[in-house]
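Residue numbers (the UniProt record's numbering), protein chains in the order written: chain A, 1 to 510; chain B, 1 to 510.
Quick reminder that beta carbons are idealized off the backbone N, C-alpha and C, glycines included.
Before any comments, here is the structure.
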């Protein structure tokens, strides 16, 4: 609907066209930066790393200056002025676009250079201190610099501004308009249901034997994005230390995975996850008109919902595996006898409370996130001081997951995020899971035959539905409103709990 | 010697430092452009090609404006002014650097935008017309647009300026300070010796049977740049439609090759050639001080000499193959019985006059180049009109190589260069061969034991010699002077003829 309107604006509104032309240049600079990053991750010669850092900092400086400086701001102001003086179709969407743009501009320019430099200095020091502290299990060496980071992040919240609590300003960077008080309610519901659920969860034995050379894993992994609907001519799959998805242009999406010779499923789930992200970005790029602030993802939570939905709701379903099981075995040269379907399927949906978030299964994962949310919020409500962090972590893990944390390395030192100053980011992981389950449930109600289609490796009805209800919205709606319109309900954890519960019940039967 | 001087200039001369700092930004922009190009060649998703074109044109526009505009020009003028007023060490090299810079600046800014746009439009039209004309063997459809290109190139020569003939201005773009009249003498000598030589040249039969999967070829190819002295941590080898070498930063060199399943030598010679280019760039980067106009290759002829020397003088020598023969066989799973050394070695040095330059052997290759030089020069002396091009080509091929050209597709339509307006470029190929032979001969006189070292896969004495006599000179000397200082003689074709003659004699013995 709004796509065709978008297309015509530029021809009828000269100031709007001028601002959008300049926006395209900034878009190019950002994509060029993504090329440099992508190349760095997929295997830059190590001698080139230092200069690549210089190239990236030069380029991001250029992009930043082009964005916050003139002539771009003046052009945007003229476009806003022009829009208020017209009554042409699309007026309210243009208003939304320009409001988002000025919010982005304010965000990008409200931090003083001195703060940015100090933050960059402290977090880069903190990274190596954190690596060391985790290795040596020495929390005391990390806490002083973490305190500096927390102080700087408090300052950032002040620069950003907030009405209720500082943490809202931090959340807003990743999940615009999200409020800590709302998340508290959402996560409390989830927690109440999940804690009794994980007591019933089932572990499964590792079903693979021997090694599977990476070359033998590549063809199957490369077929997955195509199976999910990413055009063959629109992506590249590479390998990197940490799997990621990135956009080097409107129709150029890159995915990476990490191969393990002993476990050929590890790469598969990375590919499914990253393909979900790439499909979202690709769906947005399909919208009419050139680059604009509206043609972007609405929030990290929604972004994560797209990866989680394909990874979990689809990728851990019986029907999906019924569809790909023969191909999977064939590509790896495994016989059905040595890897029976039930054994594989159990393993894919196994669950066991554990200490490390990044290794957690789909059922226990959210409790890891809830713990971090509680702790972060307490810090920024000044209810928790850093010297009590270790104890709070251990208590939280015990009450949420029932596990005893033996030391801080397996406790609050495990994640990289805080050493980089990323507070407010963790909640988007569980928001993604909540949104994914809610979206998938709404989709299934309208498309009850989808599981049968999956058995035949048909996924297009789901992609079409997601394009219509999620991708095509871009940033025209806030996340909450997007979920509401797509599912007919406020975001809530009911569907995630139902989904996870069904997984546990299924495992009991096997 | 001049390295350490370079290092200190920036600290003692503030204006020089300021100009160099700005030069570094332009250097970053150029390297970033190389990243985009490299990625495009090694396998960008095809849907991304069009936007990549936009990104590249935006970025090269940015680099161009930063280079020819203020503040860079003012900073460079201040640095020049400062240098004339001092008597500090390195003065003459700084003067050379700034002279080169102003020559580059004048070159970049002397062409009117209208000319640049017209040239770009005409050559991009010409490319597809040329593709079609070659396919259909229809010279008449190509000649009109070629005439437009020639007219535009005449204009370019006028904008660049020249004292004797227009062709000198064209040559100067690729081989600075080279004069057509000098090349005429150099190439006439070469021609006189080569024509009788090729009559004695020997062909050889294709020695491989069956197919060699690309995966099985990669490890051996990847070991070659390391064998030649490129640090493992400083390069990446990928595959692309056309092999090339590019520099994405001072210590980040990229090489590509093209694999043929039926011919495992094809990729090997591309790798040796491109490694030669990469070693030259890497050698220049090793010089003290940051990026500067002096830290660049002196000419395409010298660049080509570095690739040819490793590809031919080294890579087609008996001792080199004695060193790598067992590894080569082992990596491909070929037995010694099915590929005897003498058969392989004959094939590597085979020679037979043929129609297509890019498929020509080392002995006949230069006659292809000489023909193009004669024709290009005649066009720009207005001694040859385009309607006589086809006939001139056929006559030239007959008298130089003794072959009959059956049609224009295998004649003057075979090369892409003219459709892109690249006149004056071809001679650098033979200059490269001439320089390579002369340099290698001088090196061998000082290092007579090198062939024995090669047998043991030892190549460092050659790389050290090239670094000292070629790489470390950067652009501080013109090509002619560089060769003179390195070899004690004016550039001449005697050593190339001697080398090729020895190859033919060797084949007679086998």
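Taking the alpha-carbon positions, what's the residue 188 of chain B to residue 384 of chain B distance? Walking along the second chain from the start, residue 188 of chain B turns up at place 188. Walking along the second chain from the start, residue 384 of chain B turns up at place 384. Approximately 19 Å between the Cα atoms of the pair.
Within its chain, find whatever has a CB closer than 6 Å to the CB of residue 362 of chain B; leave out the 5 residues flanking it on each side and keep chain order. Within the second chain, the letter at position 362 stands for residue 362 of chain B. Contacts found: 312.
Quick one: using the 10 Å Cβ neighbour count with 16 as the cut-off for buried, is residue 147 of chain A buried or exposed? The residue given as residue 147 of chain A occupies position 147 in the first chain. Residue 147 of chain A counts as exposed, since fewer than 16 other C-beta atoms from the protein chains shown sit within 10 angstroms of its C-beta.
Can you tell me whether residue 291 of chain B is buried or exposed, with buried defined as 16 or more other CB within 10 angstroms of its CB? Locating residue 291 of chain B in the second chain gives position 291, counting from the first residue. Its Cβ being crowded by 16 or more others within 10 Å, residue 291 of chain B is buried.
If distances are taken between C-alpha atoms only, which option among A:271, A:303, A:197 and A:163 comes closest to residue 181 of chain A? The count along the first chain starts at 1 and reaches residue 181 of chain A at position 181. The candidate whose alpha carbon is nearest that of residue 181 of chain A is A:163.
Can you tell me whether residue 16 of chain A is buried or exposed? The criterion is at least 16 other CB atoms within 10 Å of its CB, across all chains shown. The residue given as residue 16 of chain A occupies position 16 in the first chain. With a threshold of 16 other beta carbon atoms within 10 Å, residue 16 of chain A meets it and is buried.
Indicate whether at least one CB of chain B lies closer than 9 Å to the CB of residue 2 of chain A. Within the first chain, residue 2 of chain A is the residue found at index 2, counting from 1. Per-residue confidence for residue 2 of chain A stands at a pLDDT of 48, beneath the threshold of 50, marking its modelled position as unreliable; no derived number is given.
Just confirm the distance between the C-beta atoms of residue 129 of chain A and residue 114 of chain A, as a whole number of angstroms; I'd bet it's less than 8 Å. If you number the first chain from 1, residue 129 of chain A lands on position 129. If you number the first chain from 1, residue 114 of chain A lands on position 114. 22 Å between Cβ atoms; not a contact.
Can you say whether residue 185 of chain B is buried or exposed, counting buried as having 16 or more other CB atoms within 10 angstroms of its CB? For the purposes of this step, residue 185 of chain B is identified with residue 185 of the second chain, where counting begins at 1. Exposed, by the Cβ-count rule.
Could you give the first and the last residue of the continuous alpha helix (DSSP H) run that contains residue 320 of chain A? Position 320 of the first chain holds residue 320 of chain A. Membership of residue 320 of chain A in the alpha helix (DSSP H) is indicated by the continuous run 318-332.
Residue nearest to residue 381 of chain A in terms of C-alpha spacing, selected from A:393, A:507 and A:168: Residue mapping note: residue 381 of chain A aligns to position 381 of the first chain, counting from 1. Ranking A:393, A:507 and A:168 by CA distance to the CA of residue 381 of chain A puts A:168 first.
Is the beta carbon of residue 309 of chain A sitting closer than 9 Å to the one on residue 471 of chain A? In the first chain, the residue the question calls residue 309 of chain A occupies position 309. In the first chain, the residue the question calls residue 471 of chain A occupies position 471. With respect to the 9 Å criterion, residue 309 of chain A and residue 471 of chain A are not classified as neighbours on the basis of their beta carbons.
Per-residue DSSP class, three states only, for residue 382 of chain A: For the purposes of this step, residue 382 of chain A is taken as the residue at position 382 of the first chain. Residue 382 of chain A: coil per DSSP, three-state reduction.
Buried or exposed by the 16-neighbour rule on C-beta atoms within 10 Å, applied to residue 350 of chain B: For the purposes of this step, residue 350 of chain B is taken as residue 350 along the second chain, with counting starting at 1. If you draw a 10 Å sphere on the C-beta of residue 350 of chain B, you find 16 or more other C-beta atoms in it, and that means buried.
Which one or two residues does DSSP pair with residue 249 of chain B in a beta bridge? Here residue 249 of chain B refers to the residue found at position 249 of the second chain. Under DSSP, the beta-bridge partners assigned to residue 249 of chain B are B:252.
Residue 508 of chain A vs residue 437 of chain A beta-carbon contact at 9 Å: Along the first chain, read from residue 1 onward, the residue named residue 508 of chain A stands at position 508. Along the first chain, read from residue 1 onward, the residue named residue 437 of chain A stands at position 437. Contact check for residue 508 of chain A against residue 437 of chain A fails: the beta carbons are separated by 9 Å or more.
Keeping to the same chain, check which residues put their C-beta closer than 7 Å to that of residue 444 of chain A; ignore five residues upstream and five downstream. The residue labelled residue 444 of chain A in the question sits at position 444 within the first chain. Cβ within range, chain order: 450.
Can you name the start and end residues of the alpha helix (DSSP H) that residue 111 of chain B belongs to? Translated into the one-based positions of the second chain, residue 111 of chain B becomes position 111. Premise fails: residue 111 of chain B is in no alpha helix (DSSP H) and is neither H nor E.
Proximal residues to residue 143 of chain B (C-beta, below 6 Å), its chain only, five neighbours per side dropped: Here residue 143 of chain B is taken as the residue at index 143 of the second chain, counted from 1. For residue 143 of chain B, where only same-chain residues beyond five positions count, the Cβ hits under 6 Å are 386.
Given residue 538 of chain A as reference, the closest of A:418, A:356, A:212 and A:401 once Cα atoms are compared: Nothing can be reported for residue 538 of chain A: it is not among the residues displayed for chain A, which extend from 1 to 510.
According to DSSP, what are the bridge partners of residue 237 of chain B? In the second chain, residue 237 of chain B corresponds to position 237, counting from 1. Answer by DSSP bridge pairing, in chain order: B:255.
Using a Cβ-Cβ cut-off of less than 7 Å, list which residues of the region 11-40 of chain B approach chain A; keep chain order. Flagged, chain order: 25, 28, 31, 32, 35, 36 and 39.
Please classify residue 205 of chain B as buried or exposed, where buried requires at least 16 other C-beta atoms within 10 Å of its C-beta. Walking along the second chain from the start, residue 205 of chain B turns up at place 205. Exposed, by the Cβ-count rule.
Same chain, Cβ closer than 8 Å to residue 514 of chain B, neighbours up to 5 away in sequence not counted: Given a span of 1 to 510 for chain B in the structure shown, any question on residue 514 of chain B remains unanswerable.
DSSP three-state assignment for residue 2 of chain A, whether helix, strand or coil: Residue mapping note: residue 2 of chain A aligns to position 2 of the first chain, counting from 1. Per-residue confidence for residue 2 of chain A stands at a pLDDT of 48, beneath the threshold of 50, marking its modelled position as unreliable; the derived number appears in the next sentence. Residue 2 of chain A: helix per DSSP, three-state reduction.
In whole angstroms, give me the CA-to-CA distance for residue 295 of chain B and residue 283 of chain B. The residue you call residue 295 of chain B lines up with position 295 of the second chain. The residue you call residue 283 of chain B lines up with position 283 of the second chain. Taking the straight line joining both Cα atoms gives about 10 Å.
So, at 7 Å on beta carbons, what are the nonlocal neighbours of residue 491 of chain A in its own chain, with the 5 sequence-adjacent residues on each side left out? Working through the first chain from its first residue, we reach residue 491 of chain A at position 491. Excluding residues within five positions, the ones whose Cβ falls inside 7 Å are 186, 434, 435, 438, 480 and 483.
Quick check: the region 46-61 of chain B against the region 299-308 of chain B, are at least 3 beta-carbon pairs closer than 8 Å? With a cut-off of 8 Å, the region 46-61 of chain B and the region 299-308 of chain B do not count as touching, because too few Cβ pairs lie within range.
Cβ neighbour criterion (16 or more within 10 Å) applied to residue 408 of chain A: Counting from one through the first chain, the residue named residue 408 of chain A turns up at place 408. With 16 or more other Cβ atoms within 10 Å, it is buried.
Which ranges does the alpha helix (DSSP H) cover as unbroken runs of at least 4 residues, wholly within the region 259-290 of chain B, from first to last along the chain? With a minimum length of 4 residues, the continuous alpha helix (DSSP H) runs that stay inside the region 259-290 of chain B are 264-285.
Would you say residue 296 of chain A lies against chain B (beta-carbon separation less than 9 Å)? The residue given as residue 296 of chain A occupies position 296 in the first chain. Not one chain B Cβ lies under 9 Å of residue 296 of chain A.
Answer with yes or no whether the minimum CB distance from residue 52 of chain A to chain B is below 9 Å. Residue numbering aside, residue 52 of chain A sits at position 52 when the first chain is read from its first letter. With 9 Å as the cut-off, residue 52 of chain A counts as an interface residue toward chain B.
Going by alpha carbons, who is nearest to residue 94 of chain B out of B:412, B:10, B:255 and B:247? Position 94 of the second chain, counted from the first residue, corresponds to residue 94 of chain B. It is B:10 whose Cα lies nearest to the Cα of residue 94 of chain B.
Buried or exposed for residue 271 of chain B, going by 16 or more other Cβ atoms inside 10 Å? Position 271 of the second chain, counting from 1, holds the residue named residue 271 of chain B. Residue 271 of chain B comes out buried.
Using a Cβ-Cβ distance under 9 Å, would residue 215 of chain B count as near chain A? Sequence index remark: in the second chain, residue 215 of chain B carries index 215 (1-based). Taking Cβ atoms only, chain A reaches closer than 9 Å to residue 215 of chain B, which makes this a yes.
Would you say residue 444 of chain B lies against chain A (beta-carbon separation less than 9 Å)? For the purposes of this step, residue 444 of chain B is taken as the residue at position 444 of the second chain. By this cut-off, residue 444 of chain B is not an interface position.
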